[in-house]
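The next block holds one structure in the form of C-alpha cells; read it before the comments.
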Amino acid sequence: MKSRFSFPFLPLLAAGLLLASTGCNKTSSEAEADAHRAGSKAEQELAELREWAKDKANDADSTADRKGPEIKEEFKQRSAALEANLDSLSEESKEEYKELKRRFENWQSHTTQRSQMPLRASKLDSITVLLMGSKTAMDSTWAPTKVRDKYEIFIRNVRQHRGNWTASDWDYVDAVYRQLNEKKDPLEDNLSPADRLRIKGLQAEYLALEAKKDITDLHQQLKDR
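In the numbering used here, the protein residues as written are 152 to 376.
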C-alpha cells in the first residue's frame, strides 16, 4: 500500500526538528547569559559594599556630621540590593557578605541593648559633677540669663573629656544633656535672641560629637580583622 506521506515531507520534518533544536539551544544560551549577568551584578554590588564598609572604617572624621540612622539605612539599602542576587554569588563571596552583615548586626544589637539598660544613679551623679560642677546642678533654680552659661560649661567639659569616654559613658552624658534641655525649655520665652541662637549652636555641636561616637563604634565593627 502506498504511503500517505510523500518523500518531500521528510526534508520539511528534518528542517522543523533542526529549528526546534536551535530554538532550545538559544533559550539555554540566553538563560546562561542572564545568569552570568546576575552573577556579575551581585559581585559588583558586593565589591561596592566592601568599599563602602572600608570607607566608613577608615574615614571617621569625614562622616562626623552624619547620623547613625543614615548609616543604618544606607547599609539596609545596599544589603537589600545584594540579597536579590545572593544565589548568584560564589561561595567565597557569600561568606564575605555574611561576615559583613554579621558585624553590622552585632553593632546594631549592642546599640539597642545599651539604650535599654537603666542608668545607675551613682554614675549619673559623677558624670553630672564632671560636666556641670555639682551633682545638684540640675536641681537648683536657674535664671534665664544663666541658661547660656550652663550650656557653655556643659559643652566645654564634653570637648575636654570625650576622648576618654566609652559608649556606656556617653549614655550618661546624654542623660545630662536631656536634663539640661528640660531645664531650659520652660525658660525659652525669656531668653534673649542672642542667647537662644548661641544655645542652638551649642546643641548642634553636642549632637555632632555624639553622632561621631556612634559612627566610630560602627566603623570599628566593620573594620577588617
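Beta carbons are placed, not taken as given, at the ideal position from N, Cα and C, and that holds for glycine.
If one requires a minimum length of 4 residues, the alpha helix (DSSP H) runs lying completely within the region 240 to 295 are 242 to 267 and 272 to 283, in chain order. With fewer than 16 other Cβ atoms inside 10 Å of its own Cβ, E339 counts as exposed. Short of 7 Å from the beta carbon of W203, and not among the five residues preceding or following it, lie these beta carbons of its own chain, in chain order: R229. When DSSP states are grouped into helix, strand and coil, L197 belongs to the helix group. Here L342 carries a coil assignment [DSSP, helix/strand/coil]. For L240, same chain residues with a beta-carbon under 6 Å away, outside a window of 5 residues either side, are A193 in chain order.
When the alpha-carbon of S285 is set against those of A231, V327, T317 and G352, the nearest one is in V327. Contact check for K351 against W293 fails: the beta carbons are separated by 9 Å or more. In terms of Cα proximity to K364, the closest of K252, L282, W316 and L331 is W316.
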